[in-house]
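Residue 4 in full-length UniProt numbering sits at position 4 of the sequence shown; the count goes up by one each step and never skips.
Beta carbons are placed, not taken as given, at the ideal position from N, Cα and C, and that holds for glycine.
As the structure is a prediction and not an experimental result, all values here were calculated from the model.
Beneath this line is the structure, given in structure tokens, with notes to follow.
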Amino acid sequence: MIKQIKARPFDFTFDPEKTALMVIDMQRDFVQKGGFGEALGNDVSPMQKAIEPISKVLECCRSQHMLIIHTREGHRPDLTDCPKAKLTRGGKTFIGTDGPMGRILVRGEYGHDIIPELYPKEGEVVIDKPGKDAFFATDLYQILLNRGIKSLIICGVTTEVCVQTTSRAANDRGFELVIPEDCCASYFPEFHEAALNMIAAQGAIVGWVSDSKSVISALEE
Ligand code: TIU
């Protein structure tokens with residue numbers, strides 16, 4: 001059944017059977033103290049407020065038996081998949097160094113994993129990605145095609161980095177997407193606002209912006 005979510009710049013029309021929920025990079029490394037986000041000089045407190053709304057959308061999408069995709073940004077332990085430009089960004093090296101949650105942004109480490117509140121359930125897809133764009137060097141596109149997915153509900157962090165980059169990449173591949181604004185967060189509130197405005201501007205040039213309550217009420221209708 002075709003449904004509509006109240007959104008800007010206008011309502012988002014979608015078929016729940018052809019829609020996936022994407023939860024981007026809700027890893028300790030970005031959300032908790034002692035991870036990559038903090039190593040970059042950020043205050044991680046703005047991340048916390050996205051957890052509960054995401055959890056509600058996630059539970060709703062689970063109850064609707066939708067395809068759920070979680071992503072994690074990170075690198076191989078030998079860092080062979082980490083470009084030098086990323087490794088030495090700003091003249092400093094954080095990725096691969098030891099932190100209180102293990103080696104920063106390295107797969108298999110405690111800090112790299114998804115926070116317990118949003119931990120994937122069996123049968124949900126987890127995409128390990130080396131970049132900001134979840135399609136880059138991953139099998140995400142193939143998975144979405146195989147499952148007949150046309151629309152995406154995109155949550156996660158950070159709004160202007162991995163959420164926005166992945167949204168643009170999804171849009172260019174022909175997916176329609178909606179971002180519940182309370183289900184993402186940035187270390188910079190002004191970037192959060194600006195990124196969402198950029199997405200919805202120009203008649204939804206990248207996608208639609210809504211909120212968790214509107215997404216849930218449309219799905220439960
Ligand atoms: N630094 C920052 O805002 N974000 C990232 O590095 N990755 C993600 O957004 N996941």
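Identified DSSP bridge partners for residue i
i: cysteine 60; result: DSSP lists no partner for cysteine 60.
i: glycine 156; result: Ile24 and Cys184
i: glutamate 73; result: Lys129
i: lysine 3; result: Phe14
i: aspartate 211; result: BP columns for aspartate 211 are empty, so no partner.
i: threonine 19; result: Ser151
i: arginine 8; result: Val209
Cβ neighbours of residue i in the same chain (closer than 6 Å, five flanking residues each side left out)
i: histidine 20; result: The sequence shown places alanine at residue 20, rather than the histidine named in the question. Counting only Cβ-Cβ distances below 6 Å, and skipping sequence neighbours, we find Leu67, Ile69, Ile149 and Leu152.
i: valine 206; result: Ser167, Arg168, Asn171 and Ile199
i: aspartate 11; result: Gln4
Coil, strand or helix - residue i by DSSP
i: arginine 173; result: coil
i: glutamine 32; result: coil
i: leucine 219; result: helix
i: residue 243; result: No answer is possible for residue 243: it lies beyond the span of the chain, which begins at 1 and ends at 221.
i: valine 163; result: helix
i: leucine 67; result: strand
i: glycine 108; result: coil
i: residue 223; result: Residue 223 lies beyond the residue range present for the chain, which begins at 1 and ends at 221; the question has no answer from this structure.
i: glycine 102; result: strand
i: leucine 196; result: helix
i: proline 46; result: helix
Other residues of its chain near residue i: CB distance less than 8 Å, five sequence neighbours each side excluded
i: methionine 1; result: Asp15 and Pro16
i: arginine 72; result: Asp25, Gln27, Arg107, His112, Asp113, Ile114, Val126, Ile127, Asp128 and Lys129
Straight-line gap, residue i to residue j (C-alpha atoms, nearest Å)
i: asparagine 146; j: aspartate 139; result: 11 Å
i: histidine 112; j: glycine 131; result: 14 Å
i: glutamate 109; j: glycine 74; result: 10 Å
i: isoleucine 51; j: glutamate 124; result: 18 Å
i: threonine 80; j: isoleucine 143; result: 25 Å
i: proline 116; j: serine 55; result: 11 Å
i: leucine 164; j: valine 157; result: Note that residue 164 is glutamine in the sequence shown here, rather than leucine. Each residue's Cα considered, the two are about 9 Å apart.
i: isoleucine 95; j: aspartate 128; result: 15 Å
i: glycine 122; j: valine 23; result: Note that residue 122 corresponds to glutamate in the displayed sequence, not to glycine. Going from the Cα of glutamate 122 to the Cα of valine 23 covers about 15 Å.
Close beta carbons around residue i, own chain, < 7 Å, minus the five adjacent residues each side
i: proline 9; result: Ala200, Gly203 and Ala204
i: glycine 218; result: The sequence given here has alanine at residue 218, not glycine. These residues qualify, in order along the chain: Lys3, Gln4 and Ile5.
i: threonine 159; result: Cys184, Ala185, Ser186, Phe191, His192, Ala195 and Leu196
Heavy atom of the ligand NAD within 7 Å of residue i beta-carbon
i: cysteine 162; result: The ligand NAD is absent from the structure shown, which contains only the ligand TIU.
Subject >> Whole runs of the beta strand (DSSP E) within the region 112 to 151, excluding any shorter than 3 residues >> reply: Counting only runs of 3 or more, we get 125 to 129.
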